Amino acid sequence: MKITDKFGRPLQDLRISVTDRCNFRCTYCMPKEIFGRDYPFLPKDHLLTFEEIERLAKAFVKLGVKKIRLTGGEPLLRRNLPDLIRKLSAISGLEDVGLTTNATLLEKMAWDLKAAGLKRINVSLDALDNTLFQSINDSGISTERVLKGIDKALDVGLQVKVNMVVKKGMNEQEVIPMARFFKDKGVTLRYIEFMDVGKTNEWDFSKVVTKKHILNELSQHFELGSVDPNHFGEVAKRYRYKGTDTEVGFITSVSESFCSTCTRARIAADGKLYTCLFAAKGFDFKELLRSGVNDVEVEQQIIAIWNKREDRYSDERTEESAKNKDRIEMSYIGG
Ligand SMILES: C[S@@+](CC[C@H](N)C(=O)[O-])C[C@H]1O[C@@H](n2cnc3c(N)ncnc32)[C@H](O)[C@@H]1O
Ligand code: SF4
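See the structure below:
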């Protein structure tokens, strides 16, 4: 069954955050001053169980979801994550299960993840320079550890893409070294514009490094050709290095918003469903599931929410709205 929202956008993708905790304190995502020792992370019984996640996922797949991506916080911190991947991979009609990770535990876990049915991972890495990387992740983890995780994932046969948030004054100098390194490795790198998610990362327009700026810089070093989208709702703007199969892409949530083709729903770690990354309020599916409803009632609730959906935050973003609107944190909802 296919369901659409108020603007005719189908429900196709689901992101599930499996934890709000992380072993990094990326300055643009979980700044240490706010996410410190006393930060009220979700207690364990507030997280959806794997059985609850599986049940919800099945309902979403019935309603048109083809791809699920697990995220967080840091999803590899969730105990026994491969068990969840095994459950999700077995859902009939689901075409793809992916994962977004900071890769600190990837070297150890890559094989189990692959064996459980995972196909693709996105690894976040914002710099190759170790000193800079450690100043961004603010947790002492080295680039080497992340790169080892990437190599292990490639060795076991996972498809790997690397995501790099570029923020003015933080890591623009890494744009070309990252491109060169991952081009040589044959791994797709995607540059992500710094977004106004949450209320704690002191976002403003002046800190955004746009696709246009980066593409201009890349063009001075590499010959690039643009690549057509693979499917409706594809988020990345894709390019290919001439004479190679290797791609480079951009997630342009700020400079070229893609709300009009957004087909994505998001479930936070505590089971709240959000229909936009920049939302402030979600619907509590944990409570609904734990109240003893049947599967049809769960599906009906999803349909009712999706049919009413009219989010287009990035299309409408202004300096004012970016400053004033209430929004949930990225580490809670997942990227
Ligand atoms: C919230 S993290 C969760 C998964 C995992 N911990 C990781 O870092 O890959 C998902 C993605 O969101 C990105 N991200 C976090 N805050 C962001 C922001 N304000 N703007 C753009 N991207 C952001 C991260 O760099 C990461 O690539
Ligand atoms: S971006 Fe990912 S790794 Fe960095 S603090 Fe946020 S959740 Fe953790």
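The sequence shown runs 168 to 502 under our numbering.
Yeah, the Cβ is synthetic: ideal placement off N, Cα and C, and Gly gets one too.
Since the structure is predicted, the reported quantities are computational estimates derived from the model, not experimental observations.
Between Val376 and Glu341, the C-beta spacing is not below 8 Å. Non-local C-beta neighbours of Trp473 in its own chain, meaning closer than 8 Å and more than five positions away in sequence, comprise Ile170, Thr171, Asp172, Leu178, Leu230, Ala432, Thr442, ordered along the chain.
No heavy atom of ligand 1 is found nearer than 7 Å to the CB of Gly336. With a contact defined as Cβ atoms closer than 8 Å, Phe389 and Lys404 miss out at about 16 Å.
By the Cβ neighbour-count rule, Gly265 is buried, with 16 or more other Cβ atoms within 10 Å of its own.
Counting of Cβ neighbours within 10 angstroms places Asp180 among the buried residues, the total reaching 16 or more. Cβ-Cβ distances below 8 Å link Gly410 to Glu390 in the same chain, with the five nearest sequence neighbours on each side left out; the list follows chain order. The three-state secondary structure of Asp451, taken from DSSP, is strand. Assignment of Met362 by DSSP, reduced to helix, strand and coil, places it in the coil class. For Val376, the secondary structure class from DSSP, reduced to helix, strand or coil, is coil.
Counting other Cβ atoms within 10 Å of its Cβ, Lys225 reaches 16 or more and is therefore classed as buried. Lys328 sits away from Glu274, with the two beta carbons spaced by 8 Å or more.
Val460 sits in coil when the DSSP states are folded into three classes, being neither helix nor strand. At least one heavy atom of ligand 1 lies closer than 7 Å to the C-beta of Ile359. In this structure, ligand 1 has a non-hydrogen atom nearer than 7 Å to the beta-carbon of Ser498.
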